[in-house]
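In this note's numbering, the protein residues as written are 21 to 249.
We put the beta carbon where it would ideally sit given N, CA and C, even for glycine.
Structure first, then comments.
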Amino acid sequence: MTAPQLDPRIARTRRMLQTALLDLTRDQPLDEITVAEIADHAEVNRSSFYQHYSDRETLLADALDAQAAAVGADLASLDAAAIPGDTAPPELVLRYTRHVYAHAALYRLALGEHGSSIAVARLRNRIAAVAMTGYAQYGQDEADLGMPVEIAAAAVAGSLLGMLIAWLESTDPVPPEQVAVWIWNALARPGCQAWPPERSSDVGSVGPAGRARTVAPDPAIRDMQGERQ
């Protein structure tokens with residue numbers, strides 16, 4: 021079912037508020053930005069803010085979603101059924117890590133200790149949903165995973181969220197292509213696999229049901245980096 025079309029005036033006001041908050045976060049921590057400042061920067065009144073958002077955290081989460089969607093990096097659109105059984109991460113995952121890397125300061129703010137709990141929850145839930153889709157697509161159940169599928173999906177989401185935050189906080193971060201491979205490998209890790217390609221020639225670890233798990237080799241990173249140069 022197609023989602024209802026958002027009134028253009030509402031969409032425009034929300035974009036203005038999102039842009040205003042993103043502009044303000046370049047100079048201030050989120051918890052120091054007031055609703056009045058956001059409304060003033062967006063050139064709307066304070067009541068307009070509350071007509072669209074209940075708090076700054078939800079506004080920031082929406083702003084991050086809109087940015088990612090604009091560059092085709094929305095993890096919610098990652099379809100396990102369309103993913104080839106390959107060792108290299110899908111293009112969408114590469115776009116996502118490159119997008120996060122390009123806006124590292126913003127994501128550090130949003131996912132950090134004083135950021136948006138709503139943005140963190142959304143990202144965790146989306147990763148878990150992607151994992152759940154993969155489990156269903158490949159018929160994996162509790163017997164295969166060694167734990168309830170919801171717990172396995174939560175384990176994937178928690179692991180990847182922690183990895184992303186640590187990467188963003190690193191003083192010497194690795195390239196986003198490497199992080200994309202880490203994400204892909206985490207999804208194929210024994211006990212938490214979302215997409216387990218089953219090939220006799222696969223190189224990787226063995227899962228709880230004895231099936232081969234693909235693990236992306238480091239040379240894939242060199243190939244991807246070469247394409248960008």
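Given residue i as reference, the closest of the options once Cα atoms are compared
i    : options                   : result
I147 : A124, I138 and G178       : G178
T122 : T54, Q87 and D60          : Just to set this straight, residue 122 is Ala in the shown sequence, not Thr. Among T54, Q87 and D60, the Cα nearest to that of A122 belongs to Q87.
V201 : L79, E111 and P28         : E111
Q71  : Y116, A31 and P193        : A31
I185 : V169, I203, T153 and P28  : I203
W187 : L165, N145, Q160 and V120 : V120
R35  : I138, V64 and Q198        : V64
Sub-7 Å separation of residue i and residue j beta-carbons
i    : j    : result
F69  : A59  : yes
L129 : G135 : yes
A173 : A151 : yes
A83  : L50  : no
T117 : P196 : yes
Y155 : V169 : yes
Residue interval of the alpha helix (DSSP H) (run including residue i)
i    : result
Q183 : The sequence shown places Met at residue 183, not Gln. Residues V169 to E189.
V64  : No alpha helix (DSSP H) holds V64; DSSP gives it neither H nor E.
L129 : A124 to L131
A90  : R76 to A90
P49  : Run containing P49: none; DSSP gives neither H nor E here.
Y155 : S137 to Q157
Separation of residue j from residue i, as counted between CA atoms
i    : j    : result
D94  : S67  : 30 Å
V140 : L131 : 6 Å
T33  : E162 : 46 Å
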